[in-house]
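Student:
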Amino acid sequence: MSEASPTFLLDGEEVPFAPGQTVIQAALAAGRYVPHLCYHPEFKPHGSCKLCTVKVDGHWMTSCTLPAQAGMKVESNTEEINAKRRLLTQMLFVEGNHFCPSCEKSGNCMLQAVAYDLGMVSAQFDHFFPDRPIDASHPDIVLDFNRCILCELCIRASSEVDGKGVFALSGRGITKHLIVNSESGRLADTDIAVTDKAVDVCPVGVILKKHVGFAQPIGKRRFDAQPISMQALRDAPRPLDRKPHSGA
Amino acid sequence: MSDITARLDSILKRHATARTNLVQILREAQEPEGWIRPEAITQIAKAVKLPRARVEGVAGFYSFLHLQPAGRYRIRFSDNITDRMAGNLPLLERLCSQLWVERGKVSEDGLVSIDTTSCTGMNDQAPALLVNGWAIARLTQGRIDQIAALIRDQVPIENWPVELFAIEDNILRKDVILASTLQPGDAIRVAMSRGRIEATEAAFNQRSWREGLDVADHGQTETIEEIKRSRLRGRGGAGFSTGLKWEACRNARATQRYVVCNADEGEPGTFKDRVLLARYADLVFEGMTVCGYAVGASKGFLYLRGEYRHLLAPLQDVLARRRATGLLGAGVCERPDFAFEIEIHLGAGAYVCGEESALIESLEGKRGIPRNRPPYPVTSGYLKFPTVVNNVETFCAAALIAFNGGDWYARIGTPRSSGTKILSVSGDCARPGLYEYPFGVTVKQVLQDCGAEFTQAVQVSGPSGICIDASEFGRRIAFEDLPTAGAFMVFDESRDMFEVARNFAHFFAHESCGFCTPCRVGTALLRNLMDKLAAGKGSQHDLNQIGELNHLLQSASHCGLGHTACNPILDTVRRFRPAYEQRLVSLVYEPAFDLDGALARARAMTGRDDAGAHLGEVT
Amino acid sequence: MTPNRKLKVATTSLAGCFGCHMSFLDIDERLFPLLERIELDRSPLTDIKHCGKCDIGFIEGGICNAENVHVLREFRKNCRILVAVGACAINGGLPAQRNHLDLGQCLQEVYETEPGLARGGIPNDSELPLPLDKVHPLHEVVKVDYFLPGCPPSADAIWKFLNDLLAGRTPQLGHALMHYD
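Written out as structure tokens, the structure reads:
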């Protein structure tokens, strides 16, 4: 980056950005953490989880879809904003069935890590306890829909990278849910492969590879040693780790 | 089975297997059986070349598309608060018992299902229902019995008595739009004739020559100037300057542009566009064509809400007549350089598609999810081309302005809100219907004119608008005071304003598109909390939670639905606080669920009814 | 501002596994200085059957049957401060994994169709507490003042929490001690 990079202010400190970057991309690239769930360093912004909400000149904006502009004054790490993020996280926890003690993703889970970092000790609201299915039909992959936070990363990956379109969304509002690309509705009847990008991209414990559960001991998982807020650089924007399917 | 496949094939062919027509294809595919079979989804996906999950997901978004059997006759009672006030629920019960079916379930023989749906825009002739999307209003016990008999006898809907489907217009106060005598083509011709200069004069006009502007025809820019001069603002609720919108679209560099008329009129209590489309269709299409001419578009869409299905055929007839008389198609009004076509797309039961970017998504054959903005539709809209999206009434006004000029229009109304506003008045009043006033009319005047007495509150512009009490009836309908898309619901002193807000909370939860966390979960939580208060289990804790959720939705929501979902509750808590406090049983906390009721299943399985098998109140 | 009397503390396990109580005991020798400042009222460790007026109530386990409700209400009535300890008390935990199932079908499958329990029938003695149709966290039945997450929270987390509370500080666990598993 040249010395003449334009900058914006994030909580009073300058953050350089490249043309075309969004506020969150520039922030993470500079090692400045902004909470996020549906953002992924290798994908275009999505804007649905709203965890990355920030305040710009008194206006509430979604930092993953907000193009960075020179001189912008962005507030992120304030009590008011973090309180709203905590509420959003609590809403996600009561919407699904997020039972951490038996989940293979625990310790590597973005939702859990964000909740820890925001100091969420209880979900506050009445739990919905929805009746959601588990699809273990595929020999190598399990889908546990109880944990889905509707970030749509699997949909985007399967469509844009794997060129398959295995996942999609159906329903509306609180009944919105993930479906798979087969008439039977079972994963085994789709053309998903365990090497698909879609299988790697789930930030929580919905899409899991079989035969490798609990591979890392407690203490050695991604978020054991350090909170997610100290791992901003790991989520800085980077190129896709594989060639996307052509003509997807 | 092969009959169905063949029929579906012909539907697909007629829609050119275009993905953008997916919602229309699904609607038509559903017709014979009332639901879309998995095999049909597969067949459609193959034809439009999309993964089948994507097609299934589109069908799963819209309330009127069914992926499970839903009955040959699908009855949906409009369930806005004004429908309740008019007695829709007892009539629903009556129909259920006449047809031996439980509400929300499909009858065992697959004949019928009965349930409620969001406001269908028949508030002036409530209660109303839809049967397979066809509207029947002014329901009475007699009409319900008649409908039950027709269904029992399995009479095809096309053979039902025509008078059952008659919809009244109830035009009660006319002003410039409703009293308009403009003839088809008048406004287009005047627009085209504005500022026409000869080629030689143009050569002397160096600026236009240098910038390559269309020097032979200033009608386009002049028309936009008239719209700007008129200070016309959008009539769909957002109130954006129409002139600036048209200008921005025209100035956006593109090979194609589009004009879209938003006839999704889903805001509960709004039915003015219903009447405009039924009686003033020429004026609407005239405005769309003038817009197409002015911005440089050759294609227009009318996005018609599915609940107004009965208007589709008459509207197609009007379009056919306009084509036959040279007002549509190649060479509009004999201008060889201007071709304009209008296509009608039907919605399928989704209020959120009234939001302009969600509407465009639906027009493109997708789930109606609002887009990230910027960019806005004027620069990147339908298929990413610059698109003007305007309300039905806005196009009517635009046609009149194109004909009469902007100054004429600007003289009507107030300095900041020019022109007239059509109000759709309903609720506790003697004369519900359409009232067109110049902007600046007071609420008090409207209440007087519609015969409202002992009015406690008025909900202006529907649940996403504002609820005002008697102390505010001196306020004016205008963008600078009480902005409105048109809905004007009247509540007299006998009404419980808490129940009004609760009805609206249910509405928003049902209609949330589900994209963003705050609205998807927040509207469901708000609905549950309002239900908790209604069930007599409310506490201050719940009021506090409602307050927190309201602030979150206002700040973090992705679109206007989430932003305004809390308004009804905020407004009524502020103005009708005792209606809420009467429902608080505890100053601290009360569980939402019935504890004794939660033991019912276990009591049934063990056959116990002793004292230990029950849980009482806290002593 | 140290109180000049010992604080009365009550504990119980509702629909819990007692793991949180075991974790509490893992504070090991720190129990001795703790007992200088607190006095245990009703608790599995004291065998006092009903709690009197207490300063703090610690509850592990969620609400799965009528008896849980009675005990929770007694605690809420008598404890100035109520703390939900562990995953079950905070979100229903393991017992709540039955919530998407129909209770009646569960009872039928276990007591009427499983081999080995033939002719037993579903137990219906009036002394048995009946299960609720769903398992609920504590805060869905009474107001809860504090939450201490973990499955179980570690002894260090419990120790930090207790010390903060006794010293009049809003409890803060920090990253190392904050776990939901």
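Protein chains in written order, with our numbering: chain A, 1 to 248; chain B, 1001 to 1619; chain C, 2001 to 2181. Glycine residues also receive a C-beta, built at the ideal position from the N, C-alpha and C atoms.
Look at Ile-1044 (chain B) and Val-1055 (chain B) and say whether their C-beta atoms are less than 7 Å apart.
Tutor: yes
Student: Taking just the CA atoms, how far does Phe-2147 (chain C) sit from Leu-1552 (chain B)?
Tutor: 23 Å
Student: Work out the CA separation of Gln-1024 (chain B) and His-1345 (chain B) for me, nearest whole Å.
Tutor: 7 Å
Student: Can you give me the C-alpha to C-alpha distance between Tyr-1580 (chain B) and Arg-186 (chain A), rounded to a whole angstrom?
Tutor: Distance between the alpha carbons of Tyr-1580 (chain B) and Arg-186 (chain A): 47 Å.
Student: Would you check if the distance between the CB atom of Ile-155 (chain A) and the CB atom of Asp-144 (chain A) is smaller than 7 Å?
Tutor: no
Student: Out of B:Phe-1479, B:Gly-1562, B:Arg-1603 and B:Asn-1080, which one is the CA nearest neighbour of Gly-1234 (chain B)?
Tutor: When only C-alpha atoms are compared, the closest one is B:Phe-1479.
Student: Give me the Cα-Cα distance between Pro-227 (chain A) and Arg-2037 (chain C), rounded to the nearest whole angstrom.
Tutor: 34 Å
Student: Thinking Met-1605 (chain B) and Gly-2104 (chain C) are a contact (beta carbons under 8 Å), I'd like their distance in whole angstroms, please.
Tutor: 5 Å
Student: Run down chain C in chain order and give the residues with a C-beta less than 7 Å from the C-beta of Ala-1602 (chain B).
Tutor: By Cβ distance, chain C contributes Leu-2103, Leu-2130 and Pro-2131.
Student: Check whether chain B comes within 7 Å of Arg-172 (chain A), counting only Cβ atoms and requiring the distance to be less than that.
Tutor: yes
Student: Would a check of beta-carbon distances place Arg-1052 (chain B) closer than 7 Å to chain A?
Tutor: Yes, contact with chain A.
Student: Could you list which residues in chain A have their beta carbon closer than 8 Å to that of Lys-2134 (chain C), in chain order?
Tutor: Neighbours of Lys-2134 (chain C) on chain A, chain order: Phe-129.
Student: Would Asp-1609 (chain B) count as contacting chain C if we go by Cβ distances under 7 Å?
Tutor: no
Student: Taking the alpha-carbon positions, what's the Phe-1271 (chain B) to Ala-1126 (chain B) distance?
Tutor: 12 Å
Student: Around the Cβ of Ala-248 (chain A), are there at least 16 other Cβ atoms within 10 angstroms (buried) or fewer (exposed)?
Tutor: Confidence in Ala-248 (chain A) is poor, its pLDDT being 41 and thus under 50, which makes the residue's placement unreliable; the coordinate value appears in the next sentence. Classification for Ala-248 (chain A): exposed.
Student: What's the call for Ser-2126 (chain C), buried or exposed, on a 16-neighbour Cβ count within 10 Å?
Tutor: Ser-2126 (chain C) should be labelled exposed.
Student: Which stretch, first to last residue, makes up the alpha helix (DSSP H) that contains Pro-1038 (chain B)?
Tutor: Judged by DSSP secondary structure, Pro-1038 (chain B) falls within the alpha helix (DSSP H) whose first and last residues are 1038 to 1048.
Student: Within 7 Å of any Cβ in chain A, is that where the Cβ of Ser-2149 (chain C) sits?
Tutor: The sequence given here places Pro at residue 2149 (chain C); Ser does not occur at that position. It does: the Cβ of Pro-2149 (chain C) has a partner Cβ on chain A nearer than 7 Å.
Student: Determine the chain C residues that contact Asp-57 (chain A) at a beta-carbon separation under 8 Å, and present them in chain order.
Tutor: The premise fails here: Asp-57 (chain A) is roughly 32 Å from chain C at the closest Cβ pair, so nothing lies under 8 Å.
Student: Does Ala-123 (chain A) have its Cβ less than 7 Å from a Cβ in chain C?
Tutor: yes
Student: Does Asp-2181 (chain C) come within less than 7 Å of chain A when only Cβ atoms are used?
Tutor: Yes, because at least one Cβ of chain A sits closer than 7 Å to the Cβ of Asp-2181 (chain C).
Student: Any beta-carbon of chain C closer than 7 Å to the one on Leu-240 (chain A)?
Tutor: no
Student: Counting only the same chain and skipping the five closest in sequence on each side, list residues whose C-beta sits under 6 Å from that of Glu-2060 (chain C).
Tutor: Ser-2013, Gly-2016, Cys-2020, Val-2085, Gly-2086 and Ala-2089
Student: Under 7 Å, do Ile-1075 (chain B) and Cys-1096 (chain B) count as touching if we go by C-beta distance?
Tutor: Against a cut-off of 7 Å, the Cβ pair of Cys-1096 (chain B) and Ile-1075 (chain B) comes out as no contact.
Student: Relative to chain A, which residues along the segment 1145 to 1165 of chain B have a C-beta separation below 8 Å, given in chain order?
Tutor: none
Student: I need the DSSP call for Trp-1134 (chain B), collapsed to helix, strand or coil.
Tutor: Reduced to three states, the DSSP call for Trp-1134 (chain B) is strand.
Student: Looking at the C-beta of Thr-1420 (chain B), does it have a partner C-beta in chain C at a distance below 7 Å?
Tutor: no
Student: Do we get a CB-CB distance below 7 Å when we pair Asn-146 (chain A) with the residues of chain B?
Tutor: no
Student: For the alpha helix (DSSP H) containing Cys-1450 (chain B), name the first residue and the last one.
Tutor: Neither: Cys-1450 (chain B) is in no alpha helix (DSSP H) and is coded neither H nor E.
Student: Considering only residues of the same chain and omitting the five flanking positions on each side of Cys-1450 (chain B), which have a CB-CB separation below 6 Å?
Tutor: In the same chain as Cys-1450 (chain B), and ignoring 5 residues on each side of it, the C-beta atoms closer than 6 Å to its own belong to Val-1425, Cys-1429 and Arg-1431, in chain order.
Student: Using CA atoms only, rank isn't needed, just tell me which of A:Gln-124, A:Gln-21, A:Cys-202 and A:Leu-87 is closest to Cys-151 (chain A).
Tutor: Checking every option, the nearest Cα to that of Cys-151 (chain A) belongs to A:Cys-202.
Student: Considering only the beta carbon of each residue, do Ala-1410 (chain B) and Gly-1287 (chain B) sit closer than 7 Å?
Tutor: no
Student: Using a beta-carbon distance below 7 Å, is Asn-2068 (chain C) in contact with chain B?
Tutor: no
Student: Taking just the CA atoms, how far does Ala-1137 (chain B) sit from Glu-1307 (chain B)?
Tutor: 12 Å
Student: Hey, does Asn-2124 (chain C) have any beta-carbon neighbour from chain B nearer than 7 Å?
Tutor: Among the CB atoms of chain B, one or more fall inside 7 Å of the CB of Asn-2124 (chain C).
Student: Just the chain B side, please: which residues come within less than 9 Å of Leu-2107 (chain C) by C-beta, in chain order?
Tutor: Arg-1601, Ala-1602, Met-1605 and Thr-1606
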